[in-house]
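Below is one structure, written out as structure tokens; the observations come after it.
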Amino acid sequence: LSAGEVLKNLNKFYKRKEIQRLGAENGLDARLFHQAFISFRKYIMESSSVSADLHIILNDICCGAGKVCLPGHVDDLFPFFLRHAKQIFPMLDCMDDLRKISDLRLPPNWYPDARAIQRKIIFHAGPTNSGKTYHAIQRFLSAKSGIYCGPLKLLAHEIFQKSNDANVPCDLVTGEERVYANEDARQAPHIACTIEMCSTNTPYEVAVIDEIQMIRDPARGWAWTRALLGLCAEEIHVCGEAAAIDLVTELMYTTGEEVEVRNYKRLTPLTVLDYALESLDNLRPGDCIVCFSKNDIYSVSRQIEARGLECAVIYGSLPPGTKLEQAKKFNDPDDPCKILVATDAIGMGLNLCIKRIIFNSIVKPTINEKGEKEIDSITTSQALQIAGRAGRYGSSFKQGEVTTMHRDDLMQLKEILSEPVRPVKAAGLHPTPEQIEMFAYHLPDATLSNLIDIFVSLSQVDGLYFVCNIDDFKFLADMIQHIPLNLRSRYVFCTAPLNRKEPFVCTMLLKFARQFSRNEPLTFDWLCRHTKWPLAAPKNIKELVHLEAVHDVFDLYLWLSYRFMDMFPDAVLVRDIQRKLDDIIQVGVCNITKLIRASQSAAAPSTAEVSEDFPLSRTQRDTRAISDRHGVKSTEALSIAVEVPGERRAKNLKAYRSATRQEDLKSHGRGSLANRLLREGLLTQEMLRQLESEWQDQHRNGRYGLGSKRDDQSSSKETGKKKK
């Protein structure tokens, strides 16, 4: 057979609409059909021989050129294609059973205990700082029993403390921690927990579900759906944005439960200012600069402290204890720290005395429903959540203000804040371990990652739901696939809360799984050996980031210790060293500007380009860095950066601003390059004075830059002669 003829007919077979329809009827969606065809084509084209019946069909299809027999049709390949597809996708033989298992169209039926009682649903709707959660918590405290479900450990811990301070015994339950109100470890009637940890089997009088709008979250939305549909409580108090009212009402309609809506207004006024900050010189006590990346946090905090101001720093990967300490430092009226630099981590979970919110940028990287990274303007919901932290009710500031760092962003921020919040359209779902186990029964040879893939591809949901993003789960499943674990243990390891962008944490999870598979307990000594504990205070930013990763590893150990107590036996000792590590990280964050300077000093030699024949002075290296960073000639960099007095500097500045106006609009800085570099902490006044002195010396000697044209031309001619 001619390989070219066979390939041409195989591709014709693949493109036939009738074949694609037949494939779909046999359980091959577009993705599976494509994968099956690629494998089928490879099998035919690369095999030294194929079965006799398939060879005859291929011969009949390709024999039209010989005119000896009636040619066959490419559709005749379908039975062979389907047989091959079933070999690589065994689930095609049990497709009906798998479709039933992955049918997610009636989630309310998963919770028979909740369906057995008539629950009262009360929606407390309002913006940040409106008192909606306060009213729900008051009902929680007055009940005989209750459960609070929040998105963060900090929020759960706050309710835990409030309850016990009000003489209402309350336990704390998070993924990594259990704290009992009673000394004998007897369960209290009230529980404050992170939402993933709520029990759908225990009866309560009152349940509070906080930040209900997160039911649409691409990664964690399933936890809010589970709590809303499954909590077995007489009263369910739901708190969050009004944008979620319609969805919650529709979901409760499917359970036969009515929703009572209580609307709240903001307790203190919030004003959007008509002017941007423009310079950190305009900061005042009670200001909070919101950044959307760690690098911006580092840069802004260093620039602030270069001005002699002290600032607190809060970002997502900091341990909860460090966040609380930084918040306490900022809130303390007797502390000299009056400025806060933070990410959107302040949007919930911390009570802060902020007068003015300043958005350093209104662009934020996000992860969409498909798990893809996108960079886009912040949403109205995000902007309101963050801006609403200004002027908190009960703080020393009776009203809040919000603005931007840059003038160009202010108009866009006003537009974002004036738009209505987009309604929440769907609630997240996630396959349960029981569903995956049933899949594994039918597909015993499939990997966990493949089981999840097949489940999602076959799952059916109605318009009120969506399947949450499973990329993190699949990443961990692939990472530990080679380690021999039973399915339930493998599933638990893959649901561990970790950031897959942290290589050290991922490596430690791998070591945990490998040790676990050998049935060897992960002792305190083993953990200390692999994390090199004890650890010293950080000397630079890289070491601080590593300490944060080690803290996450301790969190991971504690999380696993509550699921495999025998294999992770030393939770008490690990919690003790985690507290010590928290203290070490706090020291690092308090000295963060020193760490930034140390990091930049360490990086400087590697970035400097030094000629052995003509070594550059320190000032010239600084000038080259300015030139490289901002894409200007070295002479321009010097003439602009150096504080040269008189009309020449003004002329140079005017020419430069005119030439680079578009670049300036896109850059984070504003004004002259010298001022911008000063604000960014890349230059100091001392460096500028040294630049001026060296530049003037070079100018007088005619060695560089603005030396006489005659000297330059003469030198050029001499060089030309030498080259000739």
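Position 553 (the sequence shown) corresponds to 553 in full-length UniProt numbering; numbering is contiguous.
Even for Gly, the Cβ is constructed at its ideal location relative to N, Cα and C.
The structure displayed is predicted, hence computed values, not measured ones.
Between the C-alpha atoms of residue i and residue j, what's the straight-line distance to the nearest angstrom?
i: Lys12; j: Val74; result: 7 Å
i: Glu5; j: Lys17; result: 21 Å
i: Cys353; j: Pro285; result: 10 Å
i: His135; j: Arg262; result: 10 Å
i: Arg389; j: Ser130; result: 11 Å
i: Val313; j: Ala342; result: 6 Å
i: Leu464; j: Tyr253; result: 12 Å
i: Gln620; j: Ile596; result: Bear in mind that the predicted position of Gln620 carries a pLDDT of just 40, short of 50, making it unreliable; the figure below should be weighed with that in mind. Each residue's Cα considered, the two are about 23 Å apart.
i: Gln303; j: Leu280; result: 8 Å
i: Glu310; j: Lys338; result: 7 Å
i: Leu7; j: Lys42; result: 10 Å
i: Glu235; j: Asn351; result: 27 Å
i: Arg220; j: Ile541; result: 30 Å
i: His482; j: Pro444; result: 16 Å
i: Lys265; j: Glu258; result: 23 Å
i: Leu653; j: Ala306; result: Because Leu653 sits at a pLDDT of 39, beneath the cut-off of 50, its placement in the model cannot be relied upon, and the following sentence gives the value as read from the coordinates. Cα to Cα, Leu653 sits roughly 24 Å from Ala306.
i: Asp76; j: Cys63; result: 14 Å
i: Leu451; j: Phe439; result: 7 Å
i: Ser561; j: Met197; result: 15 Å
i: Pro108; j: Ile215; result: 15 Å
i: Gln326; j: Tyr298; result: 15 Å
i: Ile584; j: Ser317; result: 15 Å
i: Asp628; j: Arg407; result: Because the pLDDT at Asp628 is just 44, under 50, the model does not fix this residue reliably, and the value given afterwards should be weighed accordingly. Using only the alpha carbons, I get a separation of about 26 Å.
i: Ile122; j: Pro151; result: 19 Å
i: Lys162; j: Thr133; result: 13 Å
i: Cys149; j: Ile137; result: 11 Å
i: Ala166; j: Trp110; result: 36 Å
i: Pro538; j: Pro333; result: 29 Å
i: Asn499; j: Ile38; result: 34 Å
Name the DSSP beta bridge partners of residue i, please?
i: Ile314; result: Ala342
i: Ala52; result: In the DSSP output, where bridge partners are listed per residue, Ala52 has none listed.
i: Cys198; result: Note: Cys198 sits in no beta bridge, so no partner.
i: Val402; result: Val272 and Ile357
i: Val290; result: Ala342 and Phe359
i: Arg178; result: Val173
i: Glu374; result: Thr366
i: Phe568; result: In the DSSP output, where bridge partners are listed per residue, Phe568 has none listed.
i: Ile436; result: DSSP lists no partner for Ile436.
i: Cys193; result: Cys149 and Val173
i: Gly428; result: Phe466
i: Phe37; result: DSSP, once it has assigned bridges, lists no residue as partnering Phe37.
i: Ile122; result: His237 and Glu260
i: residue 742; result: In the structure as shown, the chain begins at 1 and stops at 724. Residue 742 is therefore absent and cannot be evaluated.
Output yes or no for whether 8 Å exceeds the beta carbon distance between residue i and residue j.
i: Thr404; j: Ile362; result: yes
i: Pro269; j: Leu154; result: no
i: Thr523; j: Pro484; result: no
i: Ile378; j: Ile416; result: yes
i: Ile159; j: Ala192; result: yes
i: Gln187; j: Asp210; result: no
i: Phe504; j: Ala549; result: yes
i: Asn360; j: Cys291; result: yes
i: Gln435; j: Ser199; result: no
i: Glu437; j: Thr380; result: no
i: Asp478; j: Ser457; result: no
i: Ile146; j: Val238; result: The identity of residue 146 in the sequence shown is Gly, whereas the question assumes Ile. Result no, Cβ atoms of Gly146 and Val238 do not sit closer than 8 Å.
i: Met508; j: Leu556; result: yes
i: Arg105; j: Asp335; result: no
i: Val173; j: His190; result: no
i: Leu547; j: Leu535; result: yes
i: Ala513; j: Ile480; result: yes
i: Gly72; j: Asp53; result: no
Please report the Cβ distance between residue i and residue j, rounded to the nearest whole angstrom; I am assuming they are in contact, meaning their Cβ atoms lie under 8 Å.
i: Phe564; j: Phe516; result: 7 Å
i: Ile212; j: Gly240; result: 4 Å
i: Leu384; j: Val421; result: 7 Å
i: Ala30; j: Arg119; result: Actually they do not touch by this definition, with Cβ atoms about 41 Å apart.
i: Asp582; j: Thr322; result: 6 Å
i: Thr593; j: Ser301; result: 6 Å
i: Gly391; j: Lys355; result: 7 Å
**Request:** Please list the segments of the beta strand (DSSP E) lying wholly inside the stretch 217-274, counting only runs of 3 or more residues, in order along the chain.
**Result:** Unbroken beta strand (DSSP E) stretches of 3 residues or longer found wholly inside the stretch 217-274: 233-240, 259-263 and 270-272, given in chain order.
**Message:** Which complete beta strand (DSSP E) runs does the stretch 457-498 hold, if anything under 3 residues is left out?
**Reply:** Runs found: 465-467.
**Request:** Could I get the ranges of all uninterrupted beta strand (DSSP E) runs contained in the stretch 520-606, with 3 residues as the minimum, in chain order?
**Result:** For the stretch 520-606, not one full-length beta strand (DSSP E) segment reaches 3 residues or more.
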